[in-house]
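To start, the structure itself, in structure tokens.
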Amino acid sequence: MNEEACAVAASRLALNTALNMALKTAPNLALHRARNMRLTPALLLLCLTLLPALGQAAGKTVYGLNEYARLGDLDLEVAAKLDTGAKTASLSARDIKRFKRNGESWVRFYLAIDAAHSHPIERPLARVSKIKRRAGDYDAESGKAYTARPVIELEICMGQAVRTIEVNLTDRSAFQFPLLIGSEALKHFDALVDPSLKYAAGKPACATDAPKAE
């Protein structure tokens with residue numbers, strides 16, 4: 001079943017409706033035409049069910065559960081986990097410190113990936129995100145049910161699409177993937193995630209002069 005078949009089915013429904021209206025004035029002719037153009041209820045129901053999904057899928061890019069992502073601002077390529085169940089994007093970082101520069105808020109951090117990335121990185125602070133703590137991470141001493149994470153903007157390339165997204169900084173060294181891309185960022189990529197696939201987009205191949213969407 002595809003979109004074309006659904007369109008044909010919808011057209012037939014319209015014709016059947018017109019025939020039913022004509023039945024009052026020309027019963028014999030309408031009955032003859034209706035018999036030659038039948039639309040099964042099951043086919044119609046399936047089309048009505050699929051049409052919204054077909055419309056939403058148009059123009060989307062299919063990504064796997066894991067994808068290679070190039071962090072253009074940091075000149076670094078990492079493996080990322082695409083998680084539609086998470087809202088935000090997170091990058092593994094350590095020694096995260098906020099500071100002021102010319103009256104503006106900045107953040108300094110080190111990538112918590114490997115020893116090769118031991119130099120400090122400084123970026124403007126976009127905002128501070130409040131992430132709800134898990135039950136096992138609840139801070140009884142502070143009494144806070146959330147943790148504050150600094151957020152920066154990063155240019156990220158996946159496949160042939162490059163987007164600037166918000167990424168919060170936290171130590172993900174205990175996890176397999178240093179970069180987590182949640183649902184908000186995935187919307188910017190017009191992404192459909194198929195968890196049965198891995199690295200479906202291949203290596204990042206964004207042209208340096210390609211137009212960038214926010």
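Just so you know, we're using full-length UniProt numbering here: the sequence shown kicks off at 1 and counts up by one. Positions of the beta carbon are idealized from the N, C-alpha and C atoms, including for glycine. In this text the structure is predicted, and so the values were computed from the model without any measurement.
**OP:** State buried or exposed for Gln129, treating a residue as buried only when at least 16 other CB atoms are found within 10 Å of its CB.
**Re:** The residue labelled residue 129 in the question sits at position 129 within the sequence shown. Note that residue 129 is Ser in the sequence shown here, rather than Gln. Buried: at least 16 other Cβ atoms inside 10 Å.
Original post:
Near Ala161, which residues of its chain fall below 6 Å by C-beta distance, leaving aside the five closest residues on each side in sequence?
Top reply: Here the question's residue 161 lines up with position 161 in the sequence shown. Once the five neighbours on either side are set aside, the close Cβ partners of Ala161 are Phe189.
**OP:** Can you give me the Cβ contacts of Glu214 inside the same chain, cut-off strictly under 6 Å, excluding the 5 residues immediately before and after it?
**Re:** To locate residue 214, count along the sequence shown from 1; it is residue 214. Below a pLDDT of 50, predicted positions are generally treated as unreliable, and Glu214, at 48, falls in that range; the measurement from the model is reported next regardless. Answer for Glu214: Thr164, listed in chain order.
Original post:
Alpha carbon to alpha carbon, how far is Ala200 from Arg98?
Top reply: Position 200 of the sequence shown, counted from the start, is the residue given in the question as residue 200. Position 98 of the sequence shown, counted from the start, is the residue given in the question as residue 98. Answer to the nearest angstrom: the Cα atoms are 37 Å apart.
Original post:
Counting along the chain, where does the alpha helix (DSSP H) carrying Ser183 start and finish?
Top reply: Taking the first residue of the sequence shown as 1, we reach residue 183 at position 183. Here the alpha helix (DSSP H) through Ser183 covers Ser183 to His188.
Original post:
Sorted by chain position, which residues of the same chain lie with C-beta nearer than 6 Å to Arg94's C-beta, five sequence neighbours on each side aside?
Top reply: Sequence index remark: in the sequence shown, residue 94 carries index 94 (1-based). Excluding positions up to five away in sequence, the list reads Tyr110, Ala112 and Asp171.
Original post:
Under the rule that 16 or more other beta-carbon atoms within 10 Å means buried, what is Ala174, buried or exposed?
Top reply: As a working mapping, residue 174 is identified with position 174 in the sequence shown. Classification for Ala174: exposed.
Subject >> Contact belief for Gly182 with Lys87 at Cβ below 8 Å, rounded distance in angstroms >> reply: Here residue 182 is taken as the residue at index 182 of the sequence shown, counted from 1. Here residue 87 is taken as the residue at index 87 of the sequence shown, counted from 1. Gly182 to Lys87, Cβ: 5 Å. Contact.
Subject >> For residue 231, the three-state DSSP class (helix, strand or coil) >> reply: Here the chain has residues from 1 to 214 only, and residue 231 is not among them.
Original post:
For Gly159, does the three-state DSSP call read helix, strand or coil?
Top reply: Residue 159 sits at position 159 when you count from the first residue of the sequence shown. Of the three classes helix, strand and coil, the one that applies to Gly159 here is coil, per DSSP.
**OP:** Tell me, please, which residues DSSP counts as bridged to residue 216.
**Re:** Any answer about residue 216 is impossible in this case: the structure gives the chain only from 1 up to 214.
Original post:
For Val62, does the count of other Cβ atoms within 10 angstroms reach 16, so buried, or fall short, so exposed?
Top reply: Here residue 62 refers to the residue found at position 62 of the sequence shown. The residue is exposed, with fewer than 16 neighbouring Cβ atoms inside 10 Å.
**OP:** Would you grab the beta carbon distance between Leu179 and Ala80 for me? Rounded to a whole angstrom, and I think it's under 8 Å.
**Re:** By one-based count along the sequence shown, residue 179 stands at place 179. By one-based count along the sequence shown, residue 80 stands at place 80. Contact flag correct, Cβ pair sits at about 4 Å.
**OP:** Kindly indicate which three-state DSSP category Ser196 falls into: helix, strand or coil?
**Re:** For the purposes of this step, residue 196 is identified with residue 196 of the sequence shown, where counting begins at 1. Note: Ser196 maps to coil in three-state DSSP.
Original post:
From the DSSP output, which residues share a beta bridge with Arg149?
Top reply: In the sequence shown, the residue the question calls residue 149 occupies position 149. BP columns for Arg149 point to Ser129.
Subject >> Where the beta strand (DSSP E) containing Arg123 begins and where it ends >> reply: The residue you call residue 123 lines up with position 123 of the sequence shown. Looking at the DSSP string, the run of the beta strand (DSSP E) that includes Arg123 is Ile121 to Pro124.
Original post:
From Arg123 to Lys60, what does the alpha carbon distance come to, in whole angstroms?
Top reply: Along the sequence shown, read from residue 1 onward, the residue named residue 123 stands at position 123. Along the sequence shown, read from residue 1 onward, the residue named residue 60 stands at position 60. Cα to Cα, the separation comes out at about 31 Å.
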